[in-house]
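**Student:** Structure below; questions to follow.
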Amino acid sequence: MAKAIHLNINQDYQFDQKLKIQRTAQLFRNILLYTFLTVTAFVVIVPFYWMLNVSFQSSNEVLNSLNVSFFPKVFSPQNYLNVFLYSSAAQGNIDFSRYLFNTVLVAFFTTLGGTFFSILVAFALARLNFKGRDLIFTILLATMMIPGEMLVISNFVTVSRLGWVNANDAGSYLAVIIPFLVSIFHIYLLRQTFKQIPNELYYAAKVDGCTDFKYLWKVMVPMAKSSIVTIIILRIMGTWNAYIWQDIVANEKYKLVTTWLRSSFVDLADTGSGRVLTNYQMAATVIVTVPLLLLFIFFRKYIMSGVSRSGVKG
Amino acid sequence: MLDHKRDLKAWLYLLIPLFLLTIFTFYPLIKTFLISLFSEYNALTDDFGRYFDLYAYTAIFNDRFFINALTNTLVIVFVSVPASTILALLIAVSLNSIKPLQKIFQTIFFIPYVTNALAIGMVFNVMFSHPLVGGVAAEGLINTLFQTAIDWVGPTATVERWRTVVLIYTIWSALPFKILVFIGGLQNISKQYYDAAKIDAAPKWKVMTRITIPLLSPIISYILITSFIGSFKAYESVLSVVGTVGRSLDRNRWTAVAYVYDKIGISGLDINNISYYSRGAAAAVVLFFIIMIFTFLNLYISKKTVHY
Amino acid sequence: MEVRLENLTKVFESKNSARTIAVNQFNFTIPDGKLVGLLGPSGCGKSTTLYMISGLLYPTHGRIFFGDEDVTELSPEQRGIGLVFQNYALYPHMTVKKNILFPLENMNLKKKSIEDATKLAHFAISPKEAKVYYQYIKESTSLKNKYKRLESEAKAVYQSKLLEISKTKKRNEKATNSTSSERQSFKDQLNDFKLSFEKEMQNITPDKLQTIVSKMNDAYAAIEKPYQNHKQKIMMQLLLNPIHWFDFNHHFWKALKPIVPEAIKQVEEARYKDYQKQMHDEAIAMAKLVGIEDQLNKKPAQLSGGQQQRVAIARALVKKPKVLLLDEPLSNLDARLRLQTREEIKRIQKEIGITTVFVTHDQEEAMSISDEIVLMNFGAEQQKGNPQDVYNQPANLFVAKFLGTPQLNLYQGALKNGKVMIQDQVVFESSSLKSKSLDEVLIGVRPEGYEMDEKGTLTLQPQFIEMIGRDVSLVASHPQAQTPSIRIILNSDDFSVKPNQLIKVRLKPHKTFIFEKTTGRRLA
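Heads up: the protein sequence lines correspond to chains H, F and S, in order.
Each residue of the first sequence is one higher than the last, beginning at 48 in the numbering used here.
Each residue of the second sequence is one higher than the last, beginning at 304 in the numbering used here.
Each residue of the third sequence is one higher than the last, beginning at 6 in the numbering used here.
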């Protein structure tokens, strides 16, 4: 199977055949890459577009047309107003602003408390030398692997015995905030950051008569600012997106935004025919999604660096 | 003396957090185990009852909804994790090979991460919508685009259909985290290795398979382990995408976690005198063990194949 | 393989359009088989030059030739070079053996082997035609190279003309030619080249080339055809027996060997050879050459710095490149290892006989092993030549100062009528100075260029006296010296001095250099 010799009567010295092939291959590769990326990016974006699209459609369109159109025929921003003011009778006539208030409150306290504790524990684990430190750290690492579902059952019992379940007072808030106040993942992240601060600074501070506590707040925290901001943002995002736990334990009046979303899912039906008004649903979705997107736009660097760093640790 | 004092001071930092952790993490861990072993556990009175046995476990394995839930979960895990990892790897590698527009694409791919799982799940639900049986709501995006008239997620959707949608959604939302971590890893590979490979005349595909991927393998392993663990806990995503228009999820569509949550709030005993709570606890324990086994399996495999 | 650099220039432009000229019109030819050191301080452009030779950096101007082939446009893997990085760049996840094998695996040995064997077969089968055809190939390739070179030279001239025009425009003068006319003449030039190329090509193309090729192919096919049929049959037979699937090539070749026609035997041999084994053997041989044959199964992280470097050298050499490049090979090693390793490098280079260029900032290193050194500063060549020659006859102040430890002693002096004076005492005379006069000159004296002399014209104030066996190392001072203290080496035999006693010395003329103060150019 010897190949016949191809006569290379290419009288052109300027372009080496190989070079030309190389260049077209490069071009082809680039085109392929960009096409792939554009198509996948498009697929990623499509749900968002759809969300916006349907949210602006009129109820008539949504109910009575055979196919939902790709662009609203009747532009209906009033959907947002309706959704905003909506309150479900079945759920005790609580409207969006109440849910929003709940969420902001819970977010505030869990961020405040959670971050505070994370800083303390991370500091102790990273900087201080004490008996049992490595043991505690290993235990904490191990617990990171435990799925929350294992704890839910017992936690529910605990919380209900504290009288917080379905409490018509601050107990509901406590039920939502306290159990998950301490986040081991955040502690781990912060500890890594703290560990990167050189030992010499600590010793120099000690020589200057600085207490541990002061050192923590005056030196380490400012130096770890970006990690702390990341934790705060992750917390806020976490509270905003929390659903299951708060849905189980809190009284309706104290529930969070996600519940409102879900109940709007349920109840925003055209009461006449029992059909679901998807345009209102989508408007609700947009309302719930936008704040996070805003957060993302402003704090993109922190979020993305926090996530990618957690991977590089290996 | 000084040592003691120093130790004490350090423990002060840990005091409240550890206290909270003990009550809400360590204690429940053990208690859940115990509840699963006391089949007459009464949640209201927190009374363990008389029977210390494994009946709760037999109950759940005889419960077809549990087996079904487990199957649903396993399907999600074993399809979405490899698929999203490979796709994320491809995207990350592509992103890493282009310079212009790289940041823009990166941002676009990351957006799903910051969104509410519940919310976007609902969007998927609407995208795949179909006229309600009996009613005349409009066909959703997918049906319109592909000229089909299938009930994807509604009450009459077949198992394959709604599982497909759930998988699509799971993969879609799992991409951003993975892509970002992979890009971080890729950028950590020193350019010198690529230069050396150039001098060694390695063709592009060889550079990818013999250099890039092996050097990336610790990160790939980390992603696989964490996503396996995470996907076993799937619940909200399924709830929002294929949940019926009622607060709860149809029993046939339960995931393992859904099964557990369903049992909370049902006090009392079932027909076999097994407490629902015990069943839930047993299910949680079973899930835990499955996760453990797979994690150790993953670690074992990665020890053999990952290059550090 | 000789390496020739022509007008090599590299300009870096940073974001705020600050231009750094890293290498400036560097011209040099590295003779075949020699070890050449590029020497200079940090930032002088030596590494940049090295990387341009390797192909990892593309020059702003200038051409690079390997032999008579212009390789400037070629990518690194097409040039056939081996490069040892400063940090070795060993693949951390592969064993030493795999690291060395890696370049071999990419070489596609089989294809080349078959090509070479086919050529021989053609010569055996149809010698007349083969001779003509391959001669044509050879001539046409060198013709193409010639015209590529002509074209690039013309391009360089064209670009400099454009630069000139833009410069004159900037100075608001009227340019002698417009850009469009220059471009046109350049295009015409290219066209001329094309035409003459075609003409020359025609000259060397044998008549009826196509028929000659067909004849060759037919002759080959004639021998091959019956063999092919036989081959098919044997292959079928072998496939039937599953045992043979395991090492199919080996068994296949064994069965084919007796029936292969003599003429194409080598081609088939090349086709079924066990290249894995060959690569493996080559890798081991190379490992033995550099001295790490007992570390083959370790990963780089488990090796010491010196061992890692040897692996890097083995990896670079295993593909038998035309040129070997080393980037600061000794800088990562500790002092003891450096001496040992530089001898190793010299030994390996001599044993293989490969043209080698290495970059360093350590003058002792460069001087000790190079056949030739090139000193660079500010991106330009300062001096080149045999190390000892450059040491003995520095062309300028920079070179004189850079070479030699302890460092050259410098004095400020004056030149009056051809005589060099320090503080009105004549210290040096030379016919080459004739009767020149300069107010200020710099006088450089090698530390070993002094002799004790009662009637000496230079007086030094000693500060420390260190007796080191055979020599005396004297730290002294002189008011006209450029540094607070200077170090000189004297022979201890003639040395008898008490501290705090002024010494008079005479300068050895061949160790004394006179430099212009402003330019550093050497006068004598």
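Positions of the beta carbon are idealized from the N, C-alpha and C atoms, including for glycine.
In chain order, which continuous runs of the alpha helix (DSSP H) of length 4 or greater are located wholly inside the region 85–121 of chain H?
**Tutor:** Here the runs fully enclosed are 106–111.
**Student:** Shortest alpha-carbon distance to L443 of chain S belongs to which of S:E348, S:K303, S:V425 and S:S437?
**Tutor:** Start at 1 with the first residue of the third sequence, and residue 443 of chain S comes out as number 438. L443 of chain S has its Cα closest to that of S:V425, out of S:E348, S:K303, S:V425 and S:S437.
**Student:** With 16 as the cutoff for other CB atoms within 10 Å, does P305 of chain S come out buried or exposed?
**Tutor:** Working through the third sequence from its first residue, we reach residue 305 of chain S at position 300. Buried.
**Student:** Expressed to the nearest angstrom, what Euclidean distance is found between the alpha-carbon atoms of M6 of chain S and V446 of chain S?
**Tutor:** Walking along the third sequence from the start, residue 6 of chain S turns up at place 1. Walking along the third sequence from the start, residue 446 of chain S turns up at place 441. Those two C-alpha atoms are separated by around 43 Å.
**Student:** My understanding is that L303 of chain H touches N202 of chain H, with C-beta atoms under 8 Å, so please give their C-beta distance in whole angstroms.
**Tutor:** The count along the first sequence starts at 1 and reaches residue 303 of chain H at position 256. The count along the first sequence starts at 1 and reaches residue 202 of chain H at position 155. L303 of chain H to N202 of chain H, Cβ: 17 Å. No contact.
**Student:** Runs of 3 residues minimum, wholly inside the region 286–343 of chain S: which ones carry the beta strand (DSSP E) assignment?
**Tutor:** List check, beta strand (DSSP E) in window: 328–332.
**Student:** List in chain order: all unbroken alpha helix (DSSP H) runs of 4+ residues lying wholly within the region 345–388 of chain F.
**Tutor:** Counting only runs of 4 or more, we get 358–365.
**Student:** Where does K509 of chain S fall in DSSP's three states?
**Tutor:** Counting from 1 along the third sequence, the entry for residue 509 of chain S is found at position 504. Three-state result, K509 of chain S: strand.
**Student:** Closer than 8 Å by C-beta to I528 of chain F: which residues in its own chain qualify, once you throw out the five before and the five after it? Chain order, please.
**Tutor:** Stepping through the second sequence from its first residue, residue 528 of chain F is reached at position 225. Closer than 8 Å at the Cβ level, and outside the excluded window around I528 of chain F, lie T598, N601, L602 and S605.
**Student:** Select from the region 97–110 of chain S all residues with a C-beta closer than 7 Å to any C-beta belonging to chain F, and list them in chain order.
**Tutor:** Correct list: H98, F107 and P108.
**Student:** When burial is assigned at 16 or more other CB atoms within 10 Å of the CB, is M191 of chain H buried or exposed?
**Tutor:** Here residue 191 of chain H refers to the residue found at position 144 of the first sequence. Classification for M191 of chain H: exposed.
**Student:** For Q307 of chain F, count neighbouring C-beta atoms within 10 Å of its own C-beta (all shown protein chains included) and say buried if the count is 16 or more, exposed if not.
**Tutor:** Start at 1 with the first residue of the second sequence, and residue 307 of chain F comes out as number 4. The amino acid occupying residue 307 of chain F in the given sequence is His; Gln does not appear at that position. Looking at its Cβ environment, which holds fewer than 16 other Cβ atoms inside 10 Å, H307 of chain F is exposed.
**Student:** Determine, for W97 of chain H, whether the minimum Cβ-Cβ distance to residues of chain F falls below 8 Å.
**Tutor:** Along the first sequence, read from residue 1 onward, the residue named residue 97 of chain H stands at position 50. For W97 of chain H, the answer is yes, since a Cβ of chain F falls inside 8 Å of its Cβ.
**Student:** Whole-angstrom Cβ separation of L155 of chain S and M206 of chain S, contact assumed at under 8 Å?
**Tutor:** Taking the first residue of the third sequence as position 1, residue 155 of chain S is located at position 150. Taking the first residue of the third sequence as position 1, residue 206 of chain S is located at position 201. About 14 Å separates the two Cβ atoms, so there is no contact after all.
**Student:** Keeping to the same chain, check which residues put their C-beta closer than 8 Å to that of A126 of chain S; ignore five residues upstream and five downstream.
**Tutor:** Residue 126 of chain S sits at position 121 when you count from the first residue of the third sequence. Contacts found: Y225, A268, I269, Q271 and V272.
**Student:** Counting only the same chain and skipping the five closest in sequence on each side, list residues whose C-beta sits under 7 Å from that of F122 of chain H.
**Tutor:** Translated into positions along the first sequence, residue 122 of chain H becomes position 75. So the qualifying residues of the chain are F103.
**Student:** What are the residues that DSSP puts in a beta bridge with L228 of chain H?
**Tutor:** Your numbering for residue 228 of chain H matches position 181 in the first sequence. L228 of chain H pairs with nothing; no bridge assigned.
**Student:** Which same chain residues, not among the five before or five after K513 of chain S, have their C-beta less than 6 Å away from its C-beta?
**Tutor:** Residue numbering aside, residue 513 of chain S sits at position 508 when the third sequence is read from its first letter. Excluding positions up to five away in sequence, the list reads G454.
**Student:** Identify the contact partners of K178 of chain H in chain F, using a Cβ-Cβ distance below 7 Å as the criterion.
**Tutor:** Taking the first residue of the first sequence as position 1, residue 178 of chain H is located at position 131. The contacting residues are D310.
**Student:** Quick check on DSSP: helix, strand or coil for K351 of chain S?
**Tutor:** Position 346 of the third sequence, counted from the start, is the residue given in the question as residue 351 of chain S. Here K351 of chain S sits in helix by DSSP.
**Student:** Please tell me whether F33 of chain S and K522 of chain S are closer than 8 Å, where the distance is taken between their beta carbons.
**Tutor:** In the third sequence, residue 33 of chain S corresponds to position 28, counting from 1. In the third sequence, residue 522 of chain S corresponds to position 517, counting from 1. Not closer than 8 Å, so no.
**Student:** Consult DSSP for Q215 of chain S and reduce its assignment to one of helix, strand or coil.
**Tutor:** Position 210 of the third sequence, counting from 1, holds the residue named residue 215 of chain S. Three-state DSSP puts Q215 of chain S in a helix.
**Student:** Could you spell out the range, first to last residue, of the beta strand (DSSP E) harbouring M457 of chain S?
**Tutor:** Within the third sequence, residue 457 of chain S is the residue found at index 452, counting from 1. Start and end: Y455 to M457.
**Student:** Whether or not the region 456–463 of chain S and the region 394–404 of chain S are in contact is what I'm after, with contact meaning three or more pairs of Cβ atoms, one per stretch, closer than 8 Å; do they touch?
**Tutor:** Not touching, per the Cβ criterion.
**Student:** Does T14 of chain S come out as helix, strand or coil in the three-state DSSP assignment?
**Tutor:** Position 9 of the third sequence, counted from the start, is the residue given in the question as residue 14 of chain S. Strand, per DSSP.
**Student:** Chain S beta carbons: is any one of them nearer than 8 Å to that of G438 of chain F?
**Tutor:** The sequence position of residue 438 of chain F within the second sequence is 135, counting from 1. Because the pLDDT at G438 of chain F is just 47, under 50, the model does not fix this residue reliably, and the value given afterwards should be weighed accordingly. False, the Cβ-Cβ gap to chain S never drops below 8 Å.
**Student:** Less than 7 Å between C-beta atoms, sequence neighbours within five positions excluded: which residues of the same chain meet that for K312 of chain F?
**Tutor:** For this step, residue 312 of chain F is matched to residue 9 along the second sequence. Answer for K312 of chain F: no residue qualifies.
**Student:** To the nearest angstrom, how far is the alpha carbon of L188 of chain H from that of F336 of chain F?
**Tutor:** Here the question's residue 188 of chain H lines up with position 141 in the first sequence. Here the question's residue 336 of chain F lines up with position 33 in the second sequence. Approximately 20 Å between the Cα atoms of the pair.
**Student:** What residue does the beta strand (DSSP E) around N32 of chain S start on, and which one ends it?
**Tutor:** Here residue 32 of chain S is taken as the residue at index 27 of the third sequence, counted from 1. Start and end: R24 to I35.
**Student:** Go to Y389 of chain S, then tell me how far its beta strand (DSSP E) extends in each direction, as first and last residue.
**Tutor:** On the third sequence, residue 389 of chain S is found 384 positions in, with the first residue counted as 1. Rather than Tyr, the amino acid found at residue 389 of chain S in this sequence is Lys. First-last of the beta strand (DSSP E) with K389 of chain S: A385 to G390.
**Student:** Check whether chain F comes within 8 Å of L61 of chain S, counting only Cβ atoms and requiring the distance to be less than that.
**Tutor:** Looking up residue 61 of chain S in the third sequence gives position 56. Yes, its Cβ sits closer than 8 Å to a Cβ of chain F.
**Student:** On the criterion of 16 or more Cβ atoms from any shown chain inside 10 Å, does W250 of chain S qualify as buried, or is it exposed?
**Tutor:** As a position in the third sequence, residue 250 of chain S is number 245, starting the count at 1. It is exposed - the Cβ of W250 of chain S has fewer than 16 other Cβ atoms within 10 Å.
**Student:** Report buried or exposed for V431 of chain S, applying the criterion of at least 16 other Cβ atoms within 10 angstroms of its Cβ.
**Tutor:** As a first step, residue 431 of chain S is located in the third sequence; it is residue number 426 there, counting from the start. The residue in question, V431 of chain S, is exposed, as its Cβ has fewer than 16 Cβ neighbours within 10 Å.
**Student:** List the endpoints of the continuous alpha helix (DSSP H) containing D444 of chain S.
**Tutor:** Mapped onto the third sequence, residue 444 of chain S falls at position 439. Not the alpha helix (DSSP H): D444 of chain S falls in the beta strand (DSSP E), residues L443 to V450.
**Student:** What are the boundary residues of the beta strand (DSSP E) that includes V432 of chain S?
**Tutor:** As a first step, residue 432 of chain S must be located in the third sequence, where it is residue number 427. Counting along the chain, the beta strand (DSSP E) containing V432 of chain S begins and ends at Q430 to E434.
**Student:** Compare the Cα-Cα distances from V296 of chain H to each of H:I183, H:S273 and H:P226 and report the closest residue.
**Tutor:** Position 249 of the first sequence, counted from the start, is the residue given in the question as residue 296 of chain H. Nearest of H:I183, H:S273 and H:P226 to V296 of chain H, Cα basis: H:P226.
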